[in-house]
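Heads up: the structure comes next, in structure tokens.
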Amino acid sequence: MKDSRIEVVDAVLNKYDHNKSYLIAVLQEIQNEYKYLPEDLLEQVARKLDINLSKIFSVATFYENFSLVPKGKYIIKVCDGTACHVRKSIPILNAMRKELGLDEKKHTTDDMLFTVETVSCLGACGLAPVITINDKVYAKMTPDMTVEILKTLRSEG
Amino acid sequence: MGNMIIDGQIVEFGEEKNILAVIRKAGIELPTFCYHSELSVYGACRMCMVEDKWGGTLTSCSTPPKDGMEVRTNTEKLKKHRKMILELLLANHDRDCTTCEKSGRCRLQEIALKVGVKQIRFGQEKKEIPVDDLGPSIVRNPNKCILCGDCVRACQEIQGVGVLDFAYRGSNLQVTTAFNKALHQVDCVNCGQCRVVCPTGALMIKKDIDRAYEALQDRNKRVIAQIAPAVRVAIGEEFGMEPGAITTGKIVAALRKLGFDQIFDTAVGADLTVIEEAEELMERIQNREQQAKKGKPQAQFPLFSSCCPAWFKYAEQKHPDLMGHVSSCRSPQQMFGVVIKEEFKKLYKNDDKENVVIAIMPCTAKKFEAARPENSNNGIRDVDMVITTQELAIMIQQSGIVFGELEDEALDMPFGFTSGAGVIFGVSGGVSEAVLRYYFKEKNAATLQNISYSGVRGMEGVKEASVEIDGRNVRIGVVHGLKNAESLIKKIEKGEERFDFVEVMACPGGCIGGAGQPIPQNSDVRKKRAKGIYKVDKASPIKRSEDNPAIEALYSGILISNREILHRHKHKK
């Protein structure tokens, strides 16, 4: 396990020629692999690219899309762009949080099954309100519909 | 080259890299938080804004001067801007000034007063970020941070360590370490240069004042002080004296008034270091020559000095493979600490008072060094605590001692003598110069002068000297600032440079520029302090470490069969 983690980082760094200007791309690839940025891997990136770990932390915390905490099996993004917002995306968010026992600070369930977060616009305003679950788009949602989906997913595990 | 018009006055400029420098040259003191002439230009605080003749505003720190340029520095518009910026900063600031240790030395407080902020129209936002006071040297209170980024750049640009950076975004922006760890959990080397540039109380020296008072009050303790060379040319600044004013006698007098029982000079420890390190170096050179003769040439790595604890920690972290080339000598503070403890054990065999050694240091990393486990013997520390120059100044003020009016007093015996060689340890190049003095046995002024001109003196970041010793050419490198050290190490590794000895000091200018020293600190102040150190050396009748009678007595006394206590990892059990 340990070795394969090192290999993942090395493969990504080789792909970008160990060039530190590709830091963001490197972080994206690591996140694709692990769904978040594990601390030990960032330490490796810092050492191998000769960048300070504090600088990588700076980049990783600046961008909303990077996560430093592990995420659930299902990553649910609730669109809260203008169109979705006026079409009542917040009640959808609240319904999901209530169902899963999450709140503004706690985004991932303890069983590591669900992560619920908001995004500013998914670019599908015609389908508002929209949510995505692991990048699959669910259009014209209501609070009841989302809770149903959650129940189905949970039974699938 | 050219002329600018500043507030209607013609000002000539030359090599100044920004109009801020030209304005200050013209005698106008513009406020700044994020500008330090020795760090890169950041342009974040917007306090140094000036107005051009078309009514536009520009930051003077990031604008180069141009011939014919016309600016005003204090228009109504600018005053309004500055006030507004300060109000916003203060709205977001922990404003418990009365209990803040930085009060009276805080630039935010000072500039707010100068600019005339009388009320803050915005509600105060209370941030409650945990304070990091777990480390030995520096206390970091993010609630007092104004995000000027000075510490970020100092750590990166002077030391190349870079443990601090901005994190998060927008109103959540913070200066912090990777993963918000405490400073002692990351690669911080405790040099404290971050706190030297910090305008507020966000980064402070970890104070050991209360522990010192406690020891001084205790009748069962004999409290012994050792004063580092760099302290004597800086502490006066806290009492209105010029940088570089020599105050050794006054410090001794003040320490006696504070209740110290015995007062010594760390220069004695430095003398021991000179002898041990010089012999280690010569042994190494001779060893290498012999190996070469046998046809087994060794890789050419220099011996690195080991007296700077920030450099030592840096080397351990970043270059574990080089540790075999770092001198085995303990630092002057630690050598002297162990020697005092051993000597006093012998001197006061019949009383049961506990001997407590307090080192007065210009350095925050020395606190870390004293606490390192290898610097204790059976649970008893060689140096019990470290008080920085600034902490001693605070103690003197708190005790109502009028420092400027103290009569000079002399050091105590049995270590009452010091050498010039020991004192110049306080400035970058001093260790090398002192070691060279040990090698040249001719005791005339011309030899001393030749050594001082060999290239070891001066304020440049990297210096080189080549010296002829017994028919062989010895090459010495002198660096201050760990970033300079790193680039020199890279060159050595690539084989571009060859040295026999490399002296590394983490702080700019050496210990005189340490983070325990009074602030403000800049190249000008450091130059004056260095001058003071060389003046002490000049006035000292003993120039060489081996000529110090205290040293002779030690080598024929407690060290006669016990010299290994002066070296790392060889503590006598």
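If you read the protein sequences in the order shown, they are chains A and B. Residues 1 to 157 in this note's numbering are what the first sequence spells out, letter by letter. Residues 1001 to 1573 in this note's numbering are what the second sequence spells out, letter by letter. Heads up, the beta-carbon is just placed ideally off N, CA and C, and yes, glycines get one too. Note that this is a predicted model, so its numbers are computed, not measured.
Worksheet item: Using the rule of at least 16 other Cβ atoms within 10 Å of the residue's Cβ for burial, across every protein chain shown, is Phe-1415(B) buried or exposed?
Response: Here residue 1415(B) refers to the residue found at position 415 of the second sequence. With at least 16 other beta carbons inside 10 angstroms of its own, Phe-1415(B) counts as buried.
Discussion item. On the DSSP bridge list, what partners appear for Met-96(A)?
Written reply: Indexing the first sequence from 1 puts residue 96(A) at position 96. Answer is none; Met-96(A) lacks a bridge partner.
Discussion item. Against chain A, does Ala-1370(B) count as a neighbour if the rule is that its beta carbon must be under 7 Å from one of theirs?
Written reply: One-based indexing of the second sequence puts residue 1370(B) at position 370. Chain A contact via Cβ: absent.
Practice prompt. Just tell me which of Pro-1031(B), Phe-1501(B) and Lys-1341(B) has its CA closest to the CA of Lys-946(B).
Written response: Outside the modelled stretch of chain B, which goes from 1001 to 1573, sits residue 946(B), for which no answer is possible.
Practice prompt. Check whether the Cβ of Thr-1177(B) lies closer than 7 Å to any Cβ atom in chain A.
Written response: Sequence index remark: in the second sequence, residue 1177(B) carries index 177 (1-based). Judged by the 7 Å Cβ criterion, Thr-1177(B) is in contact with chain A.
Worksheet entry | Environment of Lys-1572(B) [buried if 16+ CB atoms lie within 10 Å] | As a working note, residue 1572(B) is residue 572 in the second sequence. Bear in mind that the predicted position of Lys-1572(B) carries a pLDDT of just 40, short of 50, making it unreliable; the figure below should be weighed with that in mind. Exposed is the call here.
Worksheet item: From this set, Cys-125(A), Ile-76(A) and Ser-21(A), which residue's C-alpha is nearest Ala-83(A)'s C-alpha?
Response: As a first step, residue 83(A) is located in the first sequence; it is residue number 83 there, counting from the start. Per the C-alpha coordinates, the member of Cys-125(A), Ile-76(A) and Ser-21(A) positioned closest to Ala-83(A) is Cys-125(A).
Fill in: Nearest residue (CA-CA) to Pro-1541(B), options Thr-1418(B), Leu-1272(B), Ile-1469(B) and His-1567(B)
Stepping through the second sequence from its first residue, residue 1541(B) is reached at position 541. Nearest option by C-alpha distance: Thr-1418(B).
Worksheet item: Is Met-1001(B) helix, strand or coil by DSSP?
Response: Along the second sequence, read from residue 1 onward, the residue named residue 1001(B) stands at position 1. Correct three-state label for Met-1001(B): coil.
Item to complete: Specify whether the stretch 1217 to 1231 of chain B and the stretch 1168 to 1182 of chain B touch according to this definition: at least 3 beta carbon pairs, one from each stretch, less than 8 Å apart.
Response: Short answer: they don't touch.
Worksheet entry | Ile-1387(B) (DSSP reduced to helix, strand or coil) | Translated into the one-based positions of the second sequence, residue 1387(B) becomes position 387. Secondary structure at Ile-1387(B): strand, using DSSP grouped into helix, strand and coil.
Worksheet entry | chain B contact for Asn-65(A) (CB, 7 Å cutoff) | To locate residue 65(A), count along the first sequence from 1; it is residue 65. So no, Asn-65(A) is outside the interface.
Worksheet entry | Those residues which DSSP pairs with Thr-118(A) across a bridge | As a first step, residue 118(A) must be located in the first sequence, where it is residue number 118. The beta-bridge partner set that DSSP reports for Thr-118(A) consists of Val-78(A).
Worksheet entry | Three-pair Cβ contact test at 8 Å for the stretch 1289 to 1309 of chain B versus the stretch 1357 to 1369 of chain B | By the Cβ rule, the stretch 1289 to 1309 of chain B counts as touching the stretch 1357 to 1369 of chain B, because three or more pairs are nearer than 8 Å.
Worksheet item: What is the DSSP secondary structure of Ile-1560(B), counted as helix, strand or coil?
Response: Position 560 of the second sequence, counting from 1, holds the residue named residue 1560(B). The DSSP-derived three-state label of Ile-1560(B) is coil.
Fill in: Three-state class that DSSP yields for Ser-1466(B) in the structure shown
The residue given as residue 1466(B) occupies position 466 in the second sequence. Annotated three-state conformation of Ser-1466(B) is strand, per DSSP.
Discussion item. Phe-1033(B) and Pro-1199(B) - do their beta-carbons sit closer together than 7 Å?
Written reply: Along the second sequence, one-based indexing puts residue 1199(B) at 199. Along the second sequence, one-based indexing puts residue 1033(B) at 33. Their beta carbons are under 7 Å apart, which means Pro-1199(B) touches Phe-1033(B) by this criterion.
Worksheet item: Does any C-beta atom of chain A lie closer than 7 Å to the C-beta of Ala-1202(B)?
Response: Within the second sequence, residue 1202(B) is the residue found at index 202, counting from 1. Not one chain A Cβ lies under 7 Å of Ala-1202(B).
Discussion item. To test your reading of the DSSP string, which unbroken beta strand (DSSP E) runs of 3 or more residues are found completely within the stretch 1182 to 1239 of chain B?
Written reply: Whole beta strand (DSSP E) segments, 3+ residues: 1203 to 1205 and 1221 to 1227.
Worksheet item: When Cβ atoms are compared, which residues of the stretch 1330 to 1358 of chain B fall closer than 8 Å to chain A?
Response: If the cut-off is 8 Å between Cβ atoms, the stretch 1330 to 1358 of chain B has nothing near chain A.
Item to complete: Give a yes or no on whether the minimum CB-CB distance between Asp-1165(B) and chain A is below 7 Å.
Response: Locating residue 1165(B) in the second sequence gives position 165, counting from the first residue. Any Cβ of chain A closer than 7 Å to the Cβ of Asp-1165(B) would place that residue at the interface, and such an atom is present.
Practice prompt. Could you tell me whether any Cβ in chain A is nearer than 7 Å to the Cβ of Arg-1169(B)?
Written response: Within the second sequence, residue 1169(B) is the residue found at index 169, counting from 1. Using a CB distance cut-off of 7 Å, Arg-1169(B) counts as an interface residue toward chain A.
Worksheet item: Does the beta carbon of Leu-53(A) sit closer than 7 Å to a beta carbon anywhere in chain B?
Response: Taking the first sequence and counting its residues from 1, the one referred to as residue 53(A) is at position 53. Residue-level contact by beta carbon holds for Leu-53(A) and chain B, with a gap shorter than 7 Å.
Worksheet item: Considering only residues of the same chain and omitting the five flanking positions on each side of Cys-1151(B), which have a CB-CB separation below 7 Å?
Response: Taking the second sequence and counting its residues from 1, the one referred to as residue 1151(B) is at position 151. If we look at Cys-1151(B) and ignore the five residues flanking it on each side, its Cβ neighbours are Leu-1164, Val-1175, Cys-1194, Val-1197, Cys-1198 and Leu-1203.
Discussion item. For Arg-1529(B), which residues in the same chain have their Cβ closer than 6 Å to its Cβ, ignoring the five residues on either side in sequence?
Written reply: Translated into positions along the second sequence, residue 1529(B) becomes position 529. Hits under 6 Å: Val-1233, Ala-1234, Pro-1243, Gly-1244 and Ile-1512.
Practice prompt. Quick one: list the residues of chain B neighbouring Ser-58(A), beta-carbon separation under 8 Å, in chain order.
Written response: Taking the first residue of the first sequence as 1, we reach residue 58(A) at position 58. Here the neighbours are Asp-1165, Phe-1166 and Ala-1167.
Practice prompt. Taking all protein chains shown into account, decide if Gly-1514(B) is buried (16 or more other Cβ within 10 angstroms of its Cβ) or exposed.
Written response: Residue mapping note: residue 1514(B) aligns to position 514 of the second sequence, counting from 1. A residue is called buried when at least 16 other Cβ atoms come within 10 angstroms of its Cβ; Gly-1514(B) meets this threshold and is buried.
Discussion item. From the DSSP secondary-structure annotation, give me the bridge partner or partners of Ile-1380(B).
Written reply: Here residue 1380(B) refers to the residue found at position 380 when the second sequence is read from its first residue. Asn-1377(B).
Worksheet item: What residues in its chain sit with their C-beta under 7 Å from that of Lys-71(A), if we drop five residues either side in the sequence?
Response: By 1-based counting over the first sequence, the position of residue 71(A) is 71. Result list for Lys-71(A): Lys-35, Tyr-36, Thr-108 and Thr-115, in chain order.
Fill in: Bridge-paired residues (DSSP) for Gln-1262(B)
Sequence index remark: in the second sequence, residue 1262(B) carries index 262 (1-based). DSSP links Gln-1262(B) through a beta bridge to Ile-1224(B).
Worksheet item: Which residues in chain A sit within 8 Å of Gly-1162(B), going by Cβ to Cβ distance?
Response: On the second sequence, residue 1162(B) is found 162 positions in, with the first residue counted as 1. Contact annotation for Gly-1162(B) against chain A: Asn-52, Ser-54 and Lys-55 [CB-CB distance below 8 Å, chain order].
Item to complete: Indicate the three-state DSSP secondary structure (helix, strand or coil) for Ile-24(A) in the structure shown.
Response: As a position in the first sequence, residue 24(A) is number 24, starting the count at 1. Under the three-state reduction of DSSP, Ile-24(A) is assigned to helix.
Item to complete: Give the DSSP bridge partners of Glu-1051(B), in chain order.
Response: Position 51 of the second sequence, counted from the first residue, corresponds to residue 1051(B). Answer by DSSP bridge pairing, in chain order: Thr-1057(B) and Arg-1072(B).
Practice prompt. Just mark Arg-1121(B) as buried or exposed, buried being the case when its beta carbon has 16 or more other beta carbons within 10 Å.
Written response: In the second sequence, the residue the question calls residue 1121(B) occupies position 121. That one is exposed.
Discussion item. Quick check on the DSSP output: the alpha helix (DSSP H) that includes Ile-1551(B) runs from which residue to which?
Written reply: Taking the second sequence and counting its residues from 1, one reaches residue 1551(B) at position 551. First-last of the alpha helix (DSSP H) with Ile-1551(B): 1549 to 1555.
Practice prompt. Put Cys-1329(B) into one of helix, strand or coil per three-state DSSP.
Written response: If you number the second sequence from 1, residue 1329(B) lands on position 329. If DSSP states are grouped into helix, strand and coil, Cys-1329(B) belongs with the strands.
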